[in-house]
Each structure stands twice: as structure tokens, then as C-alpha cells.
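Participant: Start counting at 1 in the sequence shown, then tack on 18, and there's your number in my numbering.
Quick reminder that beta carbons are idealized off the backbone N, C-alpha and C, glycines included.
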Amino acid sequence: MTKFRAAVFFLAVLAAPASAGPFTPGSYIRTVLDASPTMRKAEQSFGQAENAYKAALLDAALPAFTFSMSDTFYDESDPSPRFRKDEVASSLSASWNLYDSASSPLRRIKTARLDYEAARLDLFIAKQDEAVKALNRFYALYSAQRRIGTAKMNLASRERQYKDTNEQFQSGTRSHIEVTQSEGDKLDSELSLAREETAASKALMAFNELINAEPGAPQTVEISTQSAAIGLPLPKEDVAKALENNFTLRRQRLALERTKLANRAGVLSNYPRLKVDAAWRKTVLGLSGAPGGFGGDPAYSLGASLSLPFGFLGAQNYLEVKNLEAALASAGLDLENSVRALKTSVLSAQKDIELQVKSRQLLEFQVKAQSETIENLLSEYSLGSASFLQLDSSQTKLLDSSNSQITAANDLDLALANYRVLLGEKIWE
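1) Got a sec, what are the start and stop residues for the beta strand (DSSP E) S45 sits in?
2) So, is G313 buried or exposed, given that buried needs 16 or more other C-beta atoms within 10 angstroms?
3) Quick check on DSSP: helix, strand or coil for D147?
4) To the nearest angstrom, how far is the alpha carbon of R125 from that of D256?
5) Any idea what DSSP makes of N226, helix, strand or coil?
6) How many angstroms separate the CA atom of G311 from the CA atom of R131?
7) From M87 to V302, what distance separates their C-alpha atoms?
8) On the premise that A158 lies in contact with A224, defined as a C-beta separation below 8 Å, what is that separation, rounded to the nearest angstrom?
9) If you draw a straight line from the C-alpha of S412 to the C-alpha of A169, how long is it?
10) Given that a residue counts as buried once 16 or more other Cβ atoms are within 10 Å of its Cβ, and exposed if not, what is E148?
11) Rounded to the nearest angstrom, how far is the Cβ of V375 from that of L430, given a contact under 8 Å?
12) Give the secondary structure of N115 by DSSP, where H, G and I count as helix, E and B as strand, and everything else as coil.
13) Around the Cβ of K72, are there at least 16 other Cβ atoms within 10 angstroms (buried) or fewer (exposed)?
14) Which residue marks the beginning of the beta strand (DSSP E) containing L272, and which one marks its end?
15) Please state if the CB of A67 and the CB of A273 are separated by a distance shorter than 8 Å.
16) Is A235 helix, strand or coil by DSSP?
17) Given a cut-off of 8 Å, decide if Q368 and F265 are closer than it, judged by their beta-carbon atoms.
18) Measure the C-alpha to C-alpha separation of A297 and R268 and round it to an integer number of angstroms.
19) Give me, in chain order, the residues of the same chain whose beta-carbon lies closer than 7 Å to that of Y180; leave out the 5 immediate sequence neighbours on both sides.
20) Skipping 5 residues on each side, what residues in its chain have a beta carbon closer than 8 Å to that of K259?
21) Over the uninterrupted alpha helix (DSSP H) stretch that includes L434, give me the two end residues.
22) In terms of residue numbering, what span does the beta strand (DSSP E) encompassing D295 cover?
23) In this structure, how does DSSP classify G311 when only helix, strand and coil are distinguished?
24) Opposite L320 in the DSSP bridges: which residues?
25) Identify whether L303 lies in helix, strand or coil by the three-state DSSP scheme.
26) What is the DSSP secondary structure of L396, counted as helix, strand or coil?
27) To the nearest angstrom, report how far apart S344 and P55 are at their CA atoms.
28) At a Cβ threshold of 8 Å, is V285 touching chain E?
29) Where N115 and R438 are concerned, what is the direct C-alpha to C-alpha distance, given to the nearest angstrom?
30) Assign Y117 to buried or exposed, taking buried as 16 or more other Cβ atoms, counted over all protein chains shown, within 10 Å of its Cβ.
31) Quick check on the burial criterion: 16 or more other C-beta atoms within 10 angstroms. Buried or exposed for Q163?
32) Looking at Q423: is its Cβ nearer than 8 Å to the Cβ of V385?
33) On the three-state DSSP scale, how would you describe S189?
34) What would DSSP say about S86, mapped onto helix, strand or coil?
35) I need the DSSP call for L261, collapsed to helix, strand or coil.
This is how it looks when you write it as C-alpha cells:
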């Protein structure tokens, strides 16, 4: 892709309008990932690691070539400045490390492969993080929009109560205090609705931010959750699945393996180091007017070298090896702690999900029962057979239960998404 086409694509992404249809969690995640600068940066890092891996393969499989040209413009024997083609010296050389006991080509390939795999996992982790952030923004907007509906229903109920209270006050069956309390409840409901509308506006701006839409662009969100059909209890085998597939733990295992390779190379570099190298060089190339020829050219060589670095009586070598061993042991202990923590996290998440499923089921029942109670009480209140306190208490309970039901549904879906993250699943697919 040319720079011009890349720039046009980048501007098109920034200017991409919001989806014409309603957003679902999946479609919103995909849109967020397409618009995310964080993802573009992670993909660039992955591309760099991939190129480094390919370079390491080529470096191990092929010799390194060097071409040079030189000329002398001035020297003591001929002080006048000059440039003569026939005096230009040129050479072509190649070198190839065949063996190195401390840092062999094969070890460099392994290191580059580990870096490549780690970058791939970093890309997956970045996608997971962006997907979780998108889900939080999605459910924040979904919750805020539903709370507006709940607040409007509560306000309608309070307005009806206030109207009935005022009419009954005129007929002498309600006191002035009840009228004042009913009016205060109505005003409080109006303020609650204003608060929910403000919260929804903020949630909308945060929602649009991740998809590069205008802050105030209206959006419709909908969910089709399967959380109610979760089979409980969740399988204990998920612990083993998490230990095998969790992206962060896999990334840490790669880091430990890389530390082992570096540790081994560091240890071997403190012992006699054997290197075997092949070389080729040709200095008479026949370039820039200089005559070509072979006359002893080119030169080939195959040699070995043995070196032994050591500090005072070997004490420094010994201490360096001990430090490397300690660093490797420390990395192993960090991995052990991560394994223990992941086990606990999976089992704790299972308990939280089980509790949230039960809580959601109970709240659904409570909202349904309290909605029916409110309808009956409003009818009785308008006839003067229900007390103000009964109706006020029921309305408050219905509002609280409705909002709790919204929160419970959102929390359960988010908990399931985070649980899938623990298991190492690609929640963006």
C-alpha cells in the first residue's frame, strides 16, 4: 500500500460514520477494533517482530555480504587533489558463522521465534483489552438508556399519584401534608430523570469516542444474551483450560523460555567459547576503470577460534553465572505465582457468575411482582383505600429493583466476557 493510499484509508477510518443499524456487543467490538489506534500500534509491533524473525532465519541460513569502495584524494607523495577511476579500490566479502558455542545461529532463531510468538500474544492481549473496554462502554450506554425508561415510568407513576392526591385533597379525603409529600416525590422523580438523561449523554459520548463518531451522534444498542441459559455449576475443567490457553500466562511462559536461552548463552560465554567461521573475499573486481583479474584473488578461509574470558582467578565469572541462575529462578517463581493466582481467579469468577445468575432470576421475579402491586395500589389509591406510605414504598422498591435488574444483566454479561478472557478465548470473534 502506498503512502497516499494508506493516508486515505486512515482518514476514511477517522471519518467513518456510525453504523446505520443498531449495535450489538459483537458489532460494536468489531467497529472499535477497526478504529482503534492502540490496535494499529499493536499490529505494527507484531509486524516488526515478524520481520525480525525472518531476518534471523536469513542470517542463520545465508552469509553476510559486504561491498566497499575507497579512493585516496590526497597524500604526501602527490599533494594535488585528484580523483582517478583506475585508483579506486573495491572489494566484496562474505562471512558466515557456522558454529558458536555461546550464541549459535540456531539459538538466535529460537530467540527470534519466541519474540515473534510473544508479539503475537501481545496482539491478542491488546485485542482482548480493547474488546473488554468496548463491552464496558456498550453496556454503560445500554444501561443508561434503559434507566431513562425506568425513570420515565417512575415519573409517570408519581405524577398520577400527585394528581390523585390533589383531587382527594380537594374532596377532603387527603391532607395537605400528603399533597406536599406527593409533589416533592414528583419533583424528585423529575430530577432523577434529568440525572439519568445526563448520564446517558455522557455514556453516548464515551461510546462514540471508540468508533470515531461525533460525540452527540445518536446510537441504538441492543443485546441478545444467552446468559440465562448458563449451565450451573460451571465445569471445574475450565481451570485446566485457563492454565493452558490464558494469553497472559502463555506470554509469561514464553518470557521464561527466552530467559532460559539468554541464561544458557550467558553461562556459556563465561566458559571456553568455540567459534567456527567461513569467509570469502575478492578485492580485484574490475570496477570504476580498475582492471579485473584473479591473481591470488579471491581468498577463501575456514577457521576456528577458542577464547576464554575470565576475571580475577575466575571469581567474576563465577559470580556472573550465579546472578544468571538467580534471575532464572526468580522468573520461574513469578510464573509459579501467576499459575496459582489464575487458578484462584477462575474459581472465584465461577462463584461470582453463579451468584449473579441467581440474583438476576430473583430480580426478574421481584420486578414483575412489584409492577403488579403498583398497578393495584394506584387503583386503590385513586379510590382512597390505599395509604400514601404504601404506594410511596412500593414505587421506591419498583424503581430500585428495576435499576438493579438492569445492572445485574449488564454485570452478568461482562462477568461472562471476563471469564472467557481468563480461559484464553478470543472474545472479539
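Facilitator: Answer, in terms of the structure:
1) S45 -> not in any beta strand (DSSP E); alpha helix (DSSP H) instead, spanning 43-53.
2) Residue placement at G313 cannot be trusted, given a pLDDT of 44 that sits under 50; what the coordinates show is reported in the next sentence. Per the 10 Å Cβ criterion, exposed.
3) helix
4) 35 Å
5) helix
6) With a pLDDT of only 46 at G311, under 50, the local geometry of the prediction cannot be trusted, and no value is derived from it.
7) 11 Å
8) 7 Å
9) 15 Å
10) buried
11) 7 Å
12) strand
13) exposed
14) Per DSSP, L272 belongs to no beta strand (DSSP E); it is in the alpha helix (DSSP H), 265-286.
15) no
16) coil
17) no
18) 41 Å
19) S200, E201, K204
20) L441, G442
21) 406-440
22) 291-300
23) For G311, the pLDDT reaches just 46, beneath the cut-off of 50, and the residue's location in the model is therefore unreliable, leaving the point undetermined.
24) A296
25) coil
26) helix
27) Residue identity differs from the one stated: residue 344 is Ala in this sequence, not Ser. Cα-Cα distance, rounded: 39 Å.
28) The chain inventory of the structure shown lacks chain E, comprising one protein chain alone.
29) 46 Å
30) exposed
31) buried
32) yes
33) coil
34) strand
35) helix
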